[in-house]
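Shown next, in structure tokens, is the structure this report addresses.
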Amino acid sequence: MRPFQFLSLFFLLILSILLGACTAAEENSSNENIEMAIRKTPAAIMPKDLSKTATASLSAIGDVLIHDSVYLDAETESGYDFNPMFAKIKPYLEKSDITVANSESIIGGSEIGVSTYPSFNSPFEVGDALKTAGVDVVTMANNHTLDRGEKAIANAINYWDKIGMTRTGSALSIEESANIATHTENGITFSFLSYTYGTNGIPTPSGKDYLVNRIDKAKIKEDIKRAKAQSDAVVLSLHFGQEYERLPNDEQKKLAKFSAEQGADIILGSHPHVLQPPEWIETADGRKSFVIYSLGNFISHQQDVYRRIGGILHITIEKTVDKDGSEIRLKDPAFTATYVKNTGNRNFKIDLLANIDPGRNKEIQKHLSTWTKDLNFE
Ligand SMILES: [Zn+2]
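Numbering (my numbering), first residue to last: 859 to 1236.
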């Protein structure tokens, strides 16, 4: 409660007591006064005086997909340094309260050998650079989770935990897998869930389904239910869709709608490697969820122009608490388009698309506004 709210309540309380005292003293003299005092008391503690509002901002970026040219560019005498690649867009990631990224190429660390497509393994230093750039949460369920087996998953999970990164989508035991990842900012608790359509044909080791969350409606429904019980806003990441398609398919649309109906508030899509537009989803119970079908590549060495374009989704979550409980509202969705540049397969940097090609930036803004007329651009 803010100080002035507390003070007003305090004075109203004193006023009520004084009115009550007057009423008692005049009890015998006039019935009219008693009625007036009774009418005034409830007005002094109107429920609206007790309501309060908080906001928190969330940003999300797409695939962090470290091809060999990218890690070779980051190589130093003692390891790897990916920080220069993120330097230019760091202020855009840092300005929100919570930032989510898709860790597409697992950070199994160089001790098991770094590797590129089709079986990725990235250095721990990718994790350090994401953390330094302002990323708070990573999603780990995607088609490359099992690329380098259980050892890479264990290394990645242990490293994320070591640097204090919230992670979701992959776990090392059934018990751990049952934990819902949460993150609280400004009194608003977010929960994070992450699922993938598949793992490039690599089967999950028998009895170890917890290693990677697969898209399974029954599981998603159950997990959202549990997540809702312990958070204000549910952020669901879905690794789905058709690669290189700039619009979502029916399956993506149906799954997003299903998830929103179950209680997902923000749905973050990835996998197509290109941007797919966002939209509001109105649910049967009168809520408005927000989905972006694909966040594209944030960093990679895919070379087609649309695969170099990614971006940062921003959205604000407003929480209102009153005597009946609390509710959240999503507002002010915005997008900052980014571009991965390099010279001769070296000097990889993420820059704002507006700095690289203003005309293309306009085209992307139009594309992303396909279904969302209130999307702002920064
Ligand atoms: Zn993928």
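A virtual CB, placed ideally from N, CA and C, is assigned to each residue, including glycine.
- The continuous alpha helix (DSSP H) containing I1214 extends over residues L1211 to I1214.
- Counting along the chain, no beta strand (DSSP E) covers D1019; the unbroken alpha helix (DSSP H) around it starts and ends at G1007 to K1020.
- Assigned with DSSP and collapsed to three states, Q1223 falls in helix.
- In the same chain as N1200, and ignoring 5 residues on each side of it, the C-beta atoms closer than 6 Å to its own belong to F1206, in chain order.
- For G1056, the closest alpha carbon among the candidates D1067, D994 and F1050 is that of D1067.
- The continuous beta strand (DSSP E) containing A959 extends over residues I956 to S961.
- Runs of the alpha helix (DSSP H) lying entirely within the stretch 919-1004 and spanning at least 4 residues, in chain order: 926-932, 941-944, 948-952 and 982-991.
- Counting only the Cα atoms, A991 lies some 10 Å from P942.
- Ranked by how close their Cα comes to the Cα of F1116, the residues I1021, R1204, D1074 and N1155 have D1074 in first place.
- Burial of P1191 is indicated by the presence of at least 16 other C-beta atoms within 10 angstroms of its C-beta.
- Rounded to the nearest angstrom, the Cβ distance from Y1151 to Q1110 is 5 Å, consistent with a contact under 8 Å.
- The beta-carbon distance between S1052 and S1095, rounded to whole angstroms, is 4 Å. This is short enough to meet the 8 Å contact definition.
- DSSP places Q1120 in no beta strand (DSSP E) but in the uninterrupted alpha helix (DSSP H) bounded by D1108 to Q1120.
- Those residues placing their Cβ nearer than 7 Å to any heavy atom of ligand 1 are, following chain order, D921, E962, N1000, N1001, H1002, H1097, S1128 and H1129.
- It is roughly 12 Å from the alpha-carbon of E1101 to the alpha-carbon of L1153.
- In the structure shown, R1145 adopts coil according to DSSP, grouped into three states.
- In the displayed model, I1157 falls within a strand according to three-state DSSP.
- Of all C-beta pairs linking the stretch 971-989 to the stretch 925-945, three or more are shorter than 8 Å, placing the two stretches in contact.
- Closest by C-alpha distance to L1133, out of T1141, M1023, A1087 and T1196, is T1196.
- A distance of 9 Å or more separates the beta carbons of H1172 and D921.
- With a beta-carbon spacing of about 14 Å, A1029 and I964 fall beyond the 8 Å limit used to define contacts.
- In this structure S954 is in contact with S915, their Cβ atoms being roughly 4 Å apart against a cut-off of 8 Å.
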